[in-house]
Amino acid sequence: MKICYIYRKPQSIYFSIEKIFRQVASFLNDRAQIGEVEAPYSRMTPGNIVKNFKVIGKQQADVYHVTGDVHYLVMGLPRKKTVLTIHDCVFLYNANGVKRWLLSLFFLKWPVRHCHTITTISQKSRDEIIEHSGCSPDKVVVVPNPVGEHFYYLTKEFNESKPALLFIGSTPNKNLERVIEALKGISCQLIIVGMINSTQKQLLEKANISFQLLKGLSEQALADVYAGCDIVLFPSTYEGFGLPIIEGQKSGRPVITSHISPMKDVAGEGACLVDPMSVSSIRAGIERVISNSPYRESIVQKGFENVKQYEAAAIANMYFQVYQQVISQPAYTSASACSDNP
Numbered sequence: 037m038k039i040c041y042i043y044r045k046p047q048s049i050y051f052s053i054e055k056i057f058r059q060v061a062s063f064l065n066d067r068a069q070i071g072e073v074e075a076p077y078s079r080m081t082p083g084n085i086v087k088n089f090k091v092i093g094k095q096q097a098d099v100y101h102v103t104g105d106v107h108y109l110v111m112g113l114p115r116k117k118t119v120l121t122i123h124d125c126v127f128l129y130n131a132n133g134v135k136r137w138l139l140s141l142f143f144l145k146w147p148v149r150h151c152h153t154i155t156t157i158s159q160k161s162r163d164e165i166i167e168h169s170g171c172s173p174d175k176v177v178v179v180p181n182p183v184g185e186h187f188y189y190l191t192k193e194f195n196e197s198k199p200a201l202l203f204i205g206s207t208p209n210k211n212l213e214r215v216i217e218a219l220k221g222i223s224c225q226l227i228i229v230g231m232i233n234s235t236q237k238q239l240l241e242k243a244n245i246s247f248q249l250l251k252g253l254s255e256q257a258l259a260d261v262y263a264g265c266d267i268v269l270f271p272s273t274y275e276g277f278g279l280p281i282i283e284g285q286k287s288g289r290p291v292i293t294s295h296i297s298p299m300k301d302v303a304g305e306g307a308c309l310v311d312p313m314s315v316s317s318i319r320a321g322i323e324r325v326i327s328n329s330p331y332r333e334s335i336v337q338k339g340f341e342n343v344k345q346y347e348a349a350a351i352a353n354m355y356f357q358v359y360q361q362v363i364s365q366p367a368y369t370s371a372s373a374c375s376d377n378p
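Residues in the sequence shown are numbered from 37 upward in steps of one, following this note's numbering.
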C-alpha cells in the first residue's frame with residue numbers, strides 16, 4: 037500500500053498538523069510506503085489554486101490523505117482514493133455573510149463530496165461536520181490526535197506556595213482574559229506559550245500576576261516546560277480536540293480544563309473540570325488543585341490511565357484501518373446529497 041500525505045505550505049507558527057501526521061507515519065512505515073507532498077502556495081488565489089492542483093496531481097498512490105487546512109485540494113484528487121481530515125469547523129464560526137458561505141463551499145461542502153472518507157479528531161467535530169455539510173454520518177470517522185512521544189514524566193515536588201501554571205495559546209478561545217481575572221490574588225507564576233497582545237499584557241500587569249512568555253519552542257523544549265510546571269491550565273471555550281490536555285496527562289501534571297465537549301471527553305476522569313465561561317469556577321478549580329493534595333494526585337493517576345488510548349501507535353492503527361477500508365470498499369455513493377445552501 038502506498039499512502040501519500042498532503043500538507044499545506046509550511047508555516048513558521050502553525051505546524052501541529054504536520055507533527056501529528058509525521059508521527060503517525062512513523063508507525064506505519066513497516067506496513068506501507070509513505071510519501072508526502074506540500075502545497076507550494078498558501079494564499080487562495082485562482083492561480084495559486086491551479087498551481088497547487090498541478091503539484092498534487094502528479095503524485096501516484098493507493099490512498100491520498102489531505103491532512104487538514106487545505107481541504108479544497110481533495111478536488112484535485114481521485115475521490116475513491118482520497119481521505120480528508122477536518123480538524124474542526126472553527127473557520128465557519130469566525131466568518132459571516134458571503135465570506136462564510138465561500139468558506140463553507142471550498143473548505144467543507146465541496147471537499148466533503150469529493151473524498152471517500154472524512155476523519156476528524158473528536159465527536160464534537162464530527163457532529164459539526166455532519167451538521168454543516170449535510171453529508172451522511174457513515175462518511176465521517178473519529179480518529180483522535182496522538183500524544184507526542186517526546187512528552188515525559190519528571191518527579192517533581194508540587195509547589196503549593198507559588199505553583200507554575202502552564203497556559204498554552206493566546207487566541208480568544210483559549211480564554212486568557214478570564215484566566216487573568218481568576219488568578220487575581222493567587223500566588224503563582226503563569227507560563228504562557230504563545231504570543232499575547234498589548235491588551236492581554238496590560239491585564240496581566242494590572243492584575244499583578246507574575247508571568248513568563250515563551251514562543252518558538254522546539255518539541256523537546258515544550259516537553260521540558262510541561263515537565264517543569266505544576267499545573268496545566270486549559271479552560272478553553274472551543275476546541276476541535278485539546279492536545280494540551282493529553283500532553284499534560286502524559287507529563288504527569290494535574291490538568292484543569294473545560295467541562296464542555298470535546299475537552300471533557302478527551303480528559304476523561306483525569307482532569308479538574310471547570311466552567312470556561314465562569315471566572316469563579318475557573319478560580320475554584322485552581323484553588324482546589326493547589327490546596328487538595330489527594331485530589332491532585334487522583335487526577336494525575338487517572339490522567340496516566342486515560343492518555344494510554346492516545347499513544348501514537350494506537351492512533352496509527354486507527355488510520356491504517358481507514359486506509360484499508362478505502363482500498364477495499366467503494367466510496368459512499370450518497371456523498372453528493374450534501375447541500376450547497378449557505
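Just so it is clear, CB atoms sit at the ideal spot from N, CA and C, and this is done for glycine as well.
Given the structure is predicted, the values throughout are model-derived calculations rather than measurements.
Can you tell me which residues form a DSSP beta bridge with residue i?
i: L102; result: The sequence shown places Val at residue 102, rather than the Leu named in the question. DSSP lists I42 and L120 as partners of V102.
i: S413; result: Not covered by the structure: residue 413. The range shown for the chain is 37 to 378.
i: F270; result: T293
i: E74; result: Y43
i: L201; result: L226 and I267
i: V177; result: T155
i: Q69; result: K38
Hey, residue i and residue j are a contact pair by Cβ (cut 8 Å); roughly how many whole angstroms apart?
i: L309; j: T293; result: 6 Å
i: A97; j: I39; result: 6 Å
i: Y262; j: L202; result: 6 Å
i: I70; j: I122; result: Not really, about 21 Å apart at Cβ, beyond 8 Å.
i: Q285; j: G306; result: 5 Å
i: Y346; j: P180; result: 6 Å
i: V362; j: V99; result: 5 Å
i: P182; j: V102; result: Incorrect: roughly 18 Å between the Cβ atoms, too far for contact.
Out of the options, which has the shortest C-alpha to C-alpha gap to residue i?
i: I227; options: E255, Q238 and D266; result: D266
i: I92; options: K338, S316, Y43 and D105; result: Y43
i: G170; options: L219, W146 and E333; result: W146
i: V302; options: V178, E217 and Q365; result: V178
i: T235; options: L219, L258, F277 and T207; result: T207
i: S297; options: Q285, E305, V176 and F277; result: F277
i: K198; options: V229, S327 and Y331; result: S327
i: N209; options: G252, F270, R149 and V229; result: F270
i: G339; options: A350, A349 and V268; result: V268
i: I318; options: M354, S272, I335 and R332; result: S272
i: S62; options: S364, Y100, Q361 and A352; result: A352
i: M80; options: I322, T118 and F143; result: F143
i: A320; options: I56, Q365, R136 and R214; result: R214
i: F57; options: L113, D66 and E72; result: E72
i: Q225; options: L239, N195 and R115; result: N195
i: K251; options: V229, A259 and K237; result: V229
i: G288; options: M231, L190, Q256 and D124; result: L190
i: L249; options: E193, D260, P290 and I204; result: I204
i: P312; options: V336, V176 and M299; result: M299
i: D174; options: E185, C151 and V86; result: C151
i: P114; options: K135, F89, A349 and S316; result: F89
i: A259; options: S316, F187 and V176; result: F187
i: E333; options: Q357, A350 and K192; result: K192
i: S223; options: A68, M354 and I322; result: I322
i: H168; options: G184, E185, Y129 and I157; result: Y129
i: Y77; options: Q95, A68, L109 and T156; result: L109
i: I157; options: M37, I53 and G133; result: I53
i: Y41; options: V291, V86, I281 and L120; result: L120
i: G304; options: V325, R324 and I335; result: I335
i: V315; options: D66, K87 and L212; result: L212
i: L139; options: A348, H107 and D66; result: H107
i: D105; options: D163, K160, P46 and G184; result: P46
i: A68; options: I85, A348 and M37; result: M37
i: D66; options: F356, N132 and E185; result: F356
i: E341; options: A131, A257 and I282; result: I282
i: D124; options: W137, K117, I165 and K116; result: I165
i: S161; options: Q337, A349, V126 and Q365; result: V126
i: K14; options: L141, K116, V176 and E185; result: Shown here, the chain extends from 37 to 378; a query on residue 14 therefore has no answer.
i: I85; options: L64, L141 and G112; result: G112
i: Q95; options: L64, T118 and M231; result: T118
i: Q365; options: G83, K116 and S254; result: K116
i: A200; options: G83, A349, P290 and K55; result: P290
Do we get a CB-CB distance below 8 Å when we pair residue i with the residues of chain C?
i: S78; result: Among the protein chains of the structure shown there is no chain C, as only one such chain exists.
At a cut-off of 7 Å, would you count residue i as near the ligand SAH, judging by its Cβ distance to the nearest heavy atom?
i: C265; result: The model on display carries no ligand, and the ligand SAH is accordingly not part of it.
So within the region 204-268, which uninterrupted alpha helix (DSSP H) runs reach at least 4 residues, ignoring any that extend past its ends? 212-219, 234-242 and 255-264
Ignoring anything shorter than 3 residues, give me the beta strand (DSSP E) runs that lie fully in the region 309-371, in order along the chain. none
Could you name each continuous alpha helix (DSSP H) segment of 4 residues or more that falls completely within the region 110-167, going from the start of the chain to the end? 126-129, 133-140 and 146-149
Taking three-plus beta-carbon pairs below 8 Å as touching, is the region 241-248 in contact with the region 214-223? yes
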